[in-house]
Amino acid sequence: MSKEKEFVKEIADFETDFPQWYTDVVLKAQLVDYGPVKGTMVIRPYGYAIWEAIQKEMDDRIKATGHRNAYFPLLIPYSFLMKEAEHVEGFAPEVAIVTHAGGEELSEKLVIRPTSETIIGQMYSKWIQSYRDLPVLINQWANVMRWEKTTRPFLRTSEFLWQEGHTAHATDEEAEEETIKILHLYEEFARNVLAMPVLIGKKSEKEKFAGAIATYSMEAMMKDGKSLQAGTTHFFGHNFAEAFNIKFLDKDGTHKYVSTSSWGASTRLIGAIIMVHGDQRGLCLPPYVAPYQVVIIPIAQHKSGVLDKAAEIKANLDKAGIRVSLDDSDNSAGWKFNEYEMKGVPVRLEIGPRDIENGIVTLARRDNGEKQTLPIDSIVEEMPKLLKQIHDGMYEKALNFMNSHIKQVENLDELKKTVDDGNFALTMWCGDRECEDKIKELTNASSRNMPFDQTPVGDKCVCCGKKAKHKIYFGKAY
RNA sequence: CGAGGUGUAGCGCAGUUGGUAGCGCGCUUGGUUCGGGACUAAGAGGCCGCGAGUUCGAGUCUCGCCACUUCGACCA
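Here the first sequence stands for residues 19 to 496, numbered as in my numbering.
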């Protein structure tokens with residue numbers, strides 16, 4: 019067996035053992051390490067750099083829609099969590115609680131935030147007095163903790179990083195409009211930054227957020243045909259306003275409850291990138307979030323001039339704002355090729371004595387494996403165009419994959435077969451919780467969401483056969 | 001919480017009937033290499049998960065505990 023095949027064997031087989039492949043890649047590409055506390059992960063510099071790129075792009079978009087960043091405390095009085103009935107029911111089983119501090123038992127237990135609706139609601143009740151104070155549009159970048167029973171790096175960890183937006187509005191219409199506006203922001207972000215196609219729509223009652231009137235989500239399809247909820251937005255109406263007494267004096271001189279929304283996207287997006295774009299060789303990072311967009315591998319670097327030329331190319335790309343790394347370690351060139359392919363670097367430039375003689379570099383694309391040569395003089399000019407091409411190619415490929423794995427179904431047998439084969443099922447549903455539960459029990463698939471385009475694909479519920487109310491996606495999920 | 005599995009070098013593992021602690025990778029140093037995971041020589045590295053017991057003697061046998069892990073169950 020060749021060395022190359024042995025290497026490939028080191029990562030679990032992509033086709034047959036996708037979960038293990040995922041874990042291998044996450045650890046071997048040095049995105050994370052397991053933390054000493056069960057269920058936590060240490061995000062290593064290479065993984066964190068992806069998060070920083072996501073943060074920057076997302077933050078720009080959030081601010082462009084008029085939101086501002088703020089920060090609220092990590093610890094929340096236990097009583098706050100208790101104020102909204104559904105919310106406490108949803109989150110109580112998975113919160114971590116601080117009982118002691120300063121060497122004494124606390125008179126009131128403190129919850130480590132699983133999400134910040136409650137503490138932000140408390141503050142909004144102080145801050146909001148008049149219709150002139152509205153809307154309040156605040157976002158925070160923070161860590162949260164949910165004590166999950168089983169965990170997987172990025173996809174479900176006890177502690178994770180996210181942005182959570184919390185808004186308060188004068189009317190329900192305005193608040194719901196906000197949740198849908200942000201959902202579209204998420205979709206645009208996934209498409210243009212992560213090269214990741216998603217399905218957006220409304221969640222069922224069963225799947226919605228604890229305490230919400232309506233929850234919307236973007237669902238991405240992983241390479242094994244399972245779904246990952248990659249971002250959600252929630253419309254609360256008066257639920258939290260009543261629980262936290264958030265009222266304003268309106269123009270007509272009467273006190274009214276505000277209407278609130280919240281929305282979040284987390285480090286789970288990194289897991290989505292891995293499972294949407296990865297392949298048997300490892301990660302394949304979308305150019306706009308890749309910590310290094312280009313890696314330069316000098317060949318026979320001990321020969322005079324090679325490292326100098328490589329450094330010169332790096333300096334020029336640096337100047338042009340391209341994220342670039344030069345690996346001048348004394349590992350062999352072949353080792354480096356495999357290393358950076360596993361780490362998902364979009365573009366590799368090889369520069370050796372032969373290239374220098376000819377005034378060219380050899381260029382290899384991670385996304386499709388194509389190799390070409392490029393005059394050294396044109397690298398800086400060509401690189402942004404190439405990165406765009408790679409991004410577009412990756413989106414196209416993922417979109418084709420998703421579209422070819424969505425099947426219309428009309429009955430339970432078809433639904434089961436479809437999701438078992440690694441597809442999403444698009445179908446009609448009567449809207450009853452009973453049918454949804456039955457589908458989950460029979461097929462292990464859950465409802466994903468109901469698209470905004472509700473053009474029917476039938477008139478009978480896939481489960482009970484009665485008149486259908488909603489067009490909806492079902493799929494197995496992470 | 002239920003059922004299984006595993007704890008031995010940084011990582012992955014072997015260790016027979018109880019008798020000096022091993023292998024591969026990685027790491028350090030030197031030499032030869034360098035266009036798809038190079039070769040070679042010499043090194044460093046151990047509380048065998050923790051605690052009790054049996055024994056002349058325990059990585060190995062017995063009991064207890066702890067941790068991790070897989071599959072369920074649970075779950076934004």
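For each residue, glycine too, the CB sits at the ideal point set by N, CA and C.
- Sequence-distant Cβ neighbours of Thr-189 in its own chain, meaning closer than 8 Å and more than five residues away, are Ser-277.
- Residue state for Phe-492 is assigned as strand, using DSSP reduced to three classes.
- In this structure, DSSP gives Gly-139 a helical state, which the three-state scheme calls helix.
- Here Ala-416 is actually not in contact with His-320; their C-beta atoms are around 41 Å apart, not less than 8 Å.
- In the DSSP assignment, Thr-436 falls outside any beta strand (DSSP E) and lies within the alpha helix (DSSP H) extending over 430-438.
- Nearest Cα to Lys-127 within the set His-202, Asp-31 and His-118: His-118.
- A direct Cα-to-Cα measurement between Met-412 and Ile-397 gives close to 21 Å.
- Judged by DSSP secondary structure, Thr-169 falls outside any alpha helix (DSSP H); it is assigned neither H nor E.
- Taking a 10 Å sphere around the C-beta of Ser-347, we find fewer than 16 other C-beta atoms and assign the residue as exposed.
- Under DSSP, Ser-134 takes part in no beta bridge, so it has no partner.
- Collapsing the DSSP output to three states places Phe-32 in coil.
- In this structure the stretch 266-284 touches the stretch 240-255; the number of beta carbon pairs closer than 8 Å is three or more.
- Each of Glu-414, Ala-186, Glu-112 and Ala-290 was checked against the Cα of Ala-495, and the nearest Cα belongs to Ala-290.
- The three-state reading of DSSP puts Met-293 in helix, counting H, G and I together.
- Here Met-163 is not near Ala-110, since their CB atoms are 9 Å or more apart.
- Here DSSP, grouped into helix, strand and coil, assigns Arg-383 to strand.
- DSSP places Thr-197 in the uninterrupted alpha helix (DSSP H) bounded by 190-210.
- Classified as exposed, Val-60 has fewer than 16 neighbouring CB atoms from the shown chains inside 10 Å of its CB.
- Of the residues assessed, Lys-241 falls on the buried side of the cut-off, its CB having 16 or more other CB atoms within 10 angstroms.
- Residue state for Trp-159 is assigned as strand, using DSSP reduced to three classes.
- Annotation for Asp-51: the continuous beta strand (DSSP E) segment containing it runs 50-52.
- DSSP places Gly-300 outside any alpha helix (DSSP H), giving it a letter other than H or E.
- Secondary structure note for Gln-407: its alpha helix (DSSP H) is the uninterrupted segment 397-422.
- In the displayed model, Phe-109 falls within a helix according to three-state DSSP.
- Nearest to Gly-493 by alpha-carbon distance, out of Glu-237, Gly-300 and Glu-135, is Glu-237.
- Secondary structure note for Ser-280: its beta strand (DSSP E) is the uninterrupted segment 277-284.
- Lys-221 is a Cβ neighbour of Ala-232, given a cutoff of 9 Å.
- Here the alpha carbons of Gln-426 and Val-475 stand approximately 8 Å from one another.
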